[in-house]
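Novice: This structure is in structure tokens; I'll ask about it shortly.
Number of protein chains: 2
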Amino acid sequence: MAQRAKPRGKPVAQVKLTDVARKVGVHTSTASRVLNPATRHMVSPDVAAKILAAAEDLGYSPNPFALGLRTRRSRTIGIVVPDLTNPVFPPMVRGIENVLDEAGFTAILADAHLAAQERQVLDRMKSRWVDGLILATATRGHKPAIGDGEQLPVVLINRVADGAALSVCNDDSLGIRLAIDHMVELGHRSIAHIAGPQDTSTGYARAAGFVKVMKQHGLEPRVVVQCQSYSEEEGRTAMRKVLGEQDRPTAVVCANDLLALGCYDVLRERGLKCPDDVSISGFNDMPFVDRFNPPMTTVHIPMFEMGKIAAQLILDVIQNPATKAVSRTVTPTLVVRGSTGPVRAKRKGT
Amino acid sequence: MAQRAKPRGKPVAQVKLTDVARKVGVHTSTASRVLNPATRHMVSPDVAAKILAAAEDLGYSPNPFALGLRTRRSRTIGIVVPDLTNPVFPPMVRGIENVLDEAGFTAILADAHLAAQERQVLDRMKSRWVDGLILATATRGHKPAIGDGEQLPVVLINRVADGAALSVCNDDSLGIRLAIDHMVELGHRSIAHIAGPQDTSTGYARAAGFVKVMKQHGLEPRVVVQCQSYSEEEGRTAMRKVLGEQDRPTAVVCANDLLALGCYDVLRERGLKCPDDVSISGFNDMPFVDRFNPPMTTVHIPMFEMGKIAAQLILDVIQNPATKAVSRTVTPTLVVRGSTGPVRAKRKGT
DNA sequence: TTGTATGCGTTATCAA
DNA sequence: TTGATAACGCATACAA
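Chains as they are written, first to last, in our numbering: chain A, 30 to 379; chain B, 30 to 379.
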């Protein structure tokens, strides 16, 4: 995948193509052809070898500006996350960078924590001539604010949009099923769902999955869809509503770990115990959830892996723009920890 | 700070200088002069106004490659962190991006979690012609692997190096003092320190501060310097050593929250209670430490603010390379939570 | 105050 | 298989 000879630590970034050509005694264009793997075959092997050696020796590294100006490509990928301080994203970013680096690409990261910023962020990236975009911010329906007929490769991570787009996300429906099955096994029958923003594919899919699976269990789905964002604050608000219900649920399946954390807060503020009074499950298994009090039972998604896949996808499309839209799905697993437990005997009979 | 007219959402990135010049009926060079604030005064105000209007209208955005090729500057800053999944860093990154964006700069982020990668990462950034570097990875002594006579502006964040470099970091000595004073107030006399890597300025300064402050209190400093990195694993190893001591300490001041988390683990594995048996304090107050079990008492450092300062500094040096090395210091504060408590009566009398 | 000419380092087209 | 040449979009020294 490394598409160019890697210069080592010498005086990088000053020596130019002319220099290596002169050293070998050939014309610049010959050197150019050799240094580009795709055109290397046009040059006789011995000359090529000498040029390669000279390049390595001088520590040649192509000037990215000249390269970009000519080729209109930057070997740069833009990554947009909705909130870098949400621990789910750093592992994804790391996964992305891992494979990008390997291929000689560089990542430009933007944190669009204000929805209004997304358009601006995307414009900025386009003006930087990124070769592609990996978005963790996409909302359902309206395709990533890119469009406009322009053909910038886009891969969605942890999100899918209706339009034809490449994406990598987990099987939300399965994830929710895992959580519900677990609750049911523990004896819970009255289970609520704190749903994420319905304009995100995850929020929507998890809520839909909840309703479906609950019905399959012959249980009545109680859904709270109020959450405007995946945040602890929104989780608190939602949980207060849940606890206000006539027949208070004994278990709450959350669409996200942060939301579940909000539930913890409300339980504590009401003097209720988790899981003794109410069982809570999260979604994502972000770093440190095992450290919380209680350690959180949650649906694990392979964040790092998803990042790697996303990067691989974007690289694929760049290489072959005709690549048809695929949606890679990864499999979530349930991680049982301390926030879920057997249902307690209710005061009011059965 | 915004140094260029900002194009709005129109067809960004295709229209070039020639286009806007032609639309107004002037030569490219005139348009160029107007679009660059520094040379705008050379052009008559009315012509300038028309050009600006045309640029805005067409959604002109300079081609970064052509610009870079000419000016040798990229309006790009490289950020290198040692570990993006350590929650201390995302807030810093966000702070940095905030002010960078404002100034029309873009951040390239690299996670050098393997020390060996640092050199490679830096080479890569240099080959991308970044205008400056913000490093959270610097180690004491050997200046950031940049050097080599090249004059790439560098700002260190959360680190200082011996050489003349710009940096922003917190007052580690004060932070440690806060933690020790707190422990002493709670009645602790036998206090250990789990130190960070001694080749990082934070690890070194905090350990040195620990010894100094303990002496000022007339207490014997017990230091464990074994940690090779700021990780939970290293914290566990260190804590096992601490517990192996003859006269087991009643309090442990850690150089970092992750290290403290390792202590939690060992305490639990030994059946000891925190803070009843041993009080633990961390350092950084990274997101979610208030959620841990027990909620962690730690030294807070203003991560977001530090990021903003670092970005401001790098922008300053870029504008004026003669800027002398300054080291901006921010003030840490102690956040008391549940991992520290009054010393218990010891079994073996006084 | 404005226009002309040149070059930044690279790739691609065309000849040889 | 290799060399010469032009062009990518912009900024600037110089001329007008």
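All residues carry an ideal CB built from backbone N, CA and C; glycine is no exception.
Where does B:H211 land, buried or exposed, given buried means 16+ other C-beta within 10 angstroms?
Specialist: Its Cβ being crowded by 16 or more others within 10 Å, B:H211 is buried.
Novice: Okay, do the segment 193–202 of chain A and the segment 221–229 of chain A touch, 3+ Cβ pairs below 8 Å being the bar?
Specialist: Output reads no: the segment 221–229 of chain A does not touch the segment 193–202 of chain A.
Novice: Have a look at A:N115 and B:F333 and give me their C-alpha separation to the nearest angstrom.
Specialist: C-alpha separation (whole angstroms): 15 Å.
Novice: Leaving out the 5 sequence neighbours to the left and right, which residues in its chain are closer than 7 Å to B:A339 when beta-carbon positions are compared?
Specialist: The residues are I125, I163, V184, I186 and V197.
Novice: Which whole-angstrom value is the C-beta distance of A:H328 and A:A208, which I expect to be below 8 Å?
Specialist: Position check: residue 328 of chain A holds Val in this sequence, whereas His was assumed. Sure, about 6 Å apart at Cβ, within 8 Å.
Novice: So that I know if they touch, is there some Cβ in chain B lying closer than 7 Å to that of A:R299?
Specialist: Not an interface residue.
Novice: Use the C-beta contact count for A:L46: other C-beta atoms within 10 angstroms, 16 or more gives buried, fewer gives exposed.
Specialist: The residue in question, A:L46, is buried, as its Cβ has 16 or more Cβ neighbours within 10 Å.
Novice: Ignoring anything shorter than 4 residues or poking outside the segment 90–156 of chain A, list the alpha helix (DSSP H) runs there in chain order.
Specialist: As far as the segment 90–156 of chain A is concerned, its whole alpha helix (DSSP H) runs of at least 4 residues are 93–100, 118–131 and 146–156.
Novice: Please name the residue, chosen from B:L143, B:V252 and B:P304, that lies closest to B:G216 on a Cα-to-Cα basis.
Specialist: The option with the nearest alpha carbon to B:G216 is B:P304.
Novice: For B:Q341, is the classification buried or exposed, using 16 other Cβ atoms within 10 angstroms of its Cβ as the cut-off for buried?
Specialist: B:Q341 is buried by the Cβ-count criterion.
Novice: Pairing CB atoms from the segment 84–102 of chain B with CB atoms from the segment 47–60 of chain B, are three or more of them under 8 Å?
Specialist: Short answer: they touch.
Novice: Could you tell me the alpha carbon to alpha carbon distance between A:G367 and A:K353, rounded to whole angstroms?
Specialist: Spanning the two alpha carbons is a distance of roughly 43 Å.
Novice: Looking only at C-alpha atoms, which of B:G232, B:R251 and B:S230 sits nearest to B:V240?
Specialist: Taking only the C-alpha atoms, the option nearest B:V240 is B:R251.
Novice: Three-state secondary structure (DSSP) at A:S73?
Specialist: DSSP places A:S73 in coil when its eight states are reduced to three.
Novice: Give the straight-line distance between the Cα atoms of B:R153 and A:T135, rounded to the nearest whole angstrom.
Specialist: Using only the alpha carbons, I get a separation of about 9 Å.
Novice: What does a CB cutoff of less than 7 Å around A:L138 pick up in its chain, not counting 5 residues either side in sequence?
Specialist: Closer than 7 Å at the Cβ level, and outside the excluded window around A:L138, lie I108 and V122.
Novice: Does DSSP classify B:S202 as helix, strand or coil?
Specialist: Three-state DSSP puts B:S202 in a helix.
Novice: Sorted by chain position, which residues of the same chain lie with C-beta nearer than 7 Å to B:G238's C-beta, five sequence neighbours on each side aside?
Specialist: Same-chain partners within the cutoff: D201, S202, I205 and R206.
Novice: Put B:C256 into one of helix, strand or coil per three-state DSSP.
Specialist: It is coil, neither helix nor strand.
Novice: Taking the alpha-carbon positions, what's the A:E298 to B:V189 distance?
Specialist: Each residue's Cα considered, the two are about 43 Å apart.
Novice: What is the rounded straight-line gap between the Cα of B:G176 and the Cα of A:V44?
Specialist: Reliability fails at B:G176, whose pLDDT of 46 lies under 50, so the model's placement of it is uncertain and no value is given.
Novice: So, B:T166 versus B:A141, is the Cβ gap smaller than 7 Å?
Specialist: Yes, they are a contact pair.
Novice: Between B:V364 and B:D314, is the Cβ-Cβ spacing less than 7 Å?
Specialist: Yes.
Novice: Say whether chain B places a C-beta atom closer than 7 Å to the C-beta of A:L164.
Specialist: No, A:L164 does not count as interfacial toward chain B.
Novice: Rounded to whole angstroms, what's the CA-CA distance from A:H222 to A:V253? Just pull it up for me.
Specialist: Roughly 6 Å between the two C-alpha positions.
Novice: So A:L342 is in the beta strand (DSSP E); what residue range does that whole segment cover?
Specialist: Where A:L342 is concerned, there is no enclosing beta strand (DSSP E), although the alpha helix (DSSP H) it sits in stretches over M332 to Q348.
Novice: Could you give the DSSP three-state label for B:T352: helix, strand or coil?
Specialist: Coil, per DSSP.
Novice: Residues of chain B with CB under 8 Å from A:L290, in chain order?
Specialist: Those are R320, listed as they occur along chain B.
Novice: Among the candidates B:Q255, B:R218 and B:K270, whose CA atom is the shortest distance from the CA of B:L296?
Specialist: Cα-wise, what sits closest to B:L296 is B:K270.
Novice: Skipping 5 residues on each side, what residues in its chain have a beta carbon closer than 8 Å to that of B:T362?
Specialist: Same-chain partners within the cutoff: L207, V328 and H329.
Novice: Assuming B:A284 contacts B:G232 under a Cβ cut-off of 8 Å, what Cβ separation, rounded to an integer in Å, is found between them?
Specialist: Contact holds; Cβ gap of about 6 Å.
Novice: Which residue from B:A351, B:I347, B:T369 and B:V355 puts its Cα closest to that of B:S103?
Specialist: Ranking the options by Cα distance to B:S103, first place goes to B:I347.
Novice: Specify, as a first and last residue, the run of the beta strand (DSSP E) that B:V183 falls within.
Specialist: Segment V183 to I186, the beta strand (DSSP E) holding B:V183.
Novice: Under 6 Å Cβ to Cβ from B:L113, same chain only, skipping five residues before and after it: list those, please.
Specialist: So the list reads D140, once near-sequence residues are dropped.
Novice: How about B:S308 and B:T369: do their beta carbons lie closer than 7 Å?
Specialist: Yes, these two residues count as a Cβ contact at 7 Å.
Novice: Three-state secondary structure (DSSP) at B:G291?
Specialist: Three-state DSSP puts B:G291 in a helix.
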